[in-house]
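Novice:
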Amino acid sequence: MSRKQSESLGDRSQYIGSSDIAGCPRKTYLQRQFPIQPGVSTLLKFARGHAAEWLLSKIFDASEVPYDAQVEVCHPSVPLRAHVDFVFYEPHGLHAVEVKSVSGIPDAPFPQWTDQLQYQLGMLRMMYPKGSITGSVLAVDMNAGEVQQFNGFEHDDTVFNYLFHRGLHLLDVLNDQAEANCSPSHLCGFCQFRVDCPSMSLPKVELPPEIEMVAAKYAELNSSKTAAEKELKAIRQQLLDYTGSTFKGQTERLALTVSTVADSVTVDANLLKLQHPEIYQQVLKPKAGFSRLEVKPLRPSLAKAA
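Using this note's numbering, you'd call the opening residue of the sequence shown number 408 and step up by one each time.
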C-alpha cells in the first residue's frame, strides 16, 4: 500500500481501478479503445472534486486524527487497484472515506458509490487481514456549502467477491476475451458513448434504481405542486373577495397589496393567419424547442403489463 497524489495515478490503461469496477464495463472498454479528451465541463468537475478533497484534508489536519490521503492498494497477482481518498488509522482498524463532489446531495448514496467503497474495503482487507475495516461516503456540495456522510459500511466478503469478479471480467473484456456488458446508472447522461448504447435503445428503456428513485421524487413533488396550485387559487379568491380590486394593508407579520392591471390588446394569431396569410408568414419567428418531461406513477397491474 502506498500514497499517491490523485493527479498521478499512473497509466490507467494498464490496470482496473475501483471506479471502473463500480461503473459501466462498456464505457470502460470504449474509453480505453477510443480515448476522448475531456471537455471543459468535465475538467471543471474534476477540479471541483480535487478542491473538495483539499478542503477536507485541511479539516482533517485540524482534528489531529492520523490518516493518509490518496492511498493506493494493489492486488498482488492481477492488475487491479484501488485508490482511496482518505484512510483513517483507528485503534482497532482502518476507516476508508470516499469523497464525492456533487451538485445537490442525494437522499441516499448511489449504488456506484457503495460498490466503489466496498471494493476499496475489500482491497484494504487483503492488506490488513486483522482488525476492523469500515468506510463511509462523504458527499460534498461546494456550491451549497453542505456535507453529508453516509456511514456504517463494513467489509463484506460476499460483496467484495462479486466486485472482484467484475474486475476480472473487465480484464477479460480489455483483452478481447469477453464482451463488455452495459451497466445503466445515473451517470449515463454524461457518457460520451451513450448514442449507440444498447441499454438506451428506445422505445422503452429499463430505468436504473437510482433514476427510478429520482423520478418517483419528481412525481411526488409535481403532484404536491398541482395540489398547492389549486389551493393557492382558492385562497387567492378568498383574499380578493375581502380586498376588492385595490387594497393596501399590513400587520406585524406581512403586507397585503392588491392593484389593478390595466386592459391591454394582443394579436389574434389565428385571425391574422386566416385574414392576412401573407403578413402572418412575414412576422413569424423561430421558437426554440424543449424536452417535455412526464413522470406518471403506475398502478401495480399496469406496471406488470408494461
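Note that the Cβ used here is the ideal one computed from N, Cα and C, for glycine as well.
Note that this is a predicted model, so its numbers are computed, not measured.
Tell me, please, which residues DSSP counts as bridged to A546.
Specialist: The partner list for A546 (beta bridge, DSSP) reads K507 and Q555.
Novice: In this structure, does DSSP put Q682 in helix, strand or coil?
Specialist: In this structure, Q682 counts as helix in the three-state DSSP scheme.
Novice: Taking DSSP as the reference, what is the three-state secondary structure of S590?
Specialist: S590 falls in the coil class under three-state DSSP.
Novice: Can you say whether G559 is buried or exposed, counting buried as having 16 or more other CB atoms within 10 angstroms of its CB?
Specialist: With fewer than 16 Cβ atoms within 10 Å of its Cβ, G559 is classed as exposed.
Novice: Is L691 near the ligand FAD, going by C-beta to nearest heavy atom under 7 Å?
Specialist: For the ligand FAD, the structure offers nothing, since it holds no ligand at all.
Novice: Give the DSSP-derived three-state secondary structure of R488 in the structure shown.
Specialist: Here R488 sits in strand by DSSP.
Novice: Within its chain, find whatever has a CB closer than 7 Å to the CB of Q599; leave out the 5 residues flanking it on each side and keep chain order.
Specialist: Taken in chain order, the residues that qualify are I443.
Novice: How about L577 and D427: are their beta carbons less than 8 Å apart?
Specialist: Result yes, Cβ atoms of L577 and D427 sit closer than 8 Å.
Novice: What is the residue span of the alpha helix (DSSP H) that K632 lies within?
Specialist: P616 to T650 is the span of the alpha helix (DSSP H), which, as asked, contains K632.
Novice: Return the bridge partner residues of K655 from the DSSP annotation.
Specialist: The partner list for K655 (beta bridge, DSSP) reads T664.
Novice: If you compare alpha carbons, which of E638, N582 and H593 is closest to Y436?
Specialist: Answer by Cα proximity: N582.
Novice: Could you check the C-alpha separation between Q438 and Q519 for me, to the nearest Å?
Specialist: Roughly 18 Å between the two C-alpha positions.
Novice: Leaving aside the five residues before and after G696 along the sequence, list all residues of the same chain whose C-beta is less than 6 Å from its C-beta, in chain order.
Specialist: There are no such residues.
Novice: Going by the DSSP bridge assignment, what does I428 pair with across the sheet?
Specialist: Answer is none; I428 lacks a bridge partner.
Novice: Excluding the 5 residues flanking Q556 on each side, which residues of the same chain have their C-beta closer than 6 Å to its C-beta?
Specialist: Closer than 6 Å at Cβ, skipping near neighbours: S543 and L545.
Novice: What does the alpha-carbon distance come out to for the pair Q351 and Y625?
Specialist: Any question about residue 351 goes unanswered here, given that the chain covers just 408 to 713.
Novice: Within 10 angstroms of its Cβ, does S415 collect 16 or more other Cβ (buried), or is it exposed?
Specialist: Note that S415 has pLDDT 48, beneath the 50 cutoff, so the model's placement of it is unreliable and no number is given.
Novice: In angstroms, rounded to a whole number, what distance separates the CA positions of A740 and H593?
Specialist: With the chain represented from 408 up to 713, any question about residue 740 goes unanswered, as that position is not in the structure.
Novice: What does the alpha-carbon distance come out to for the pair G446 and L646?
Specialist: Each residue's alpha carbon lies about 53 Å from the other.
Novice: Quick one: is Y496 buried, meaning 16 or more other Cβ sit within 10 Å of its Cβ, or exposed?
Specialist: The residue is exposed, with fewer than 16 neighbouring Cβ atoms inside 10 Å.
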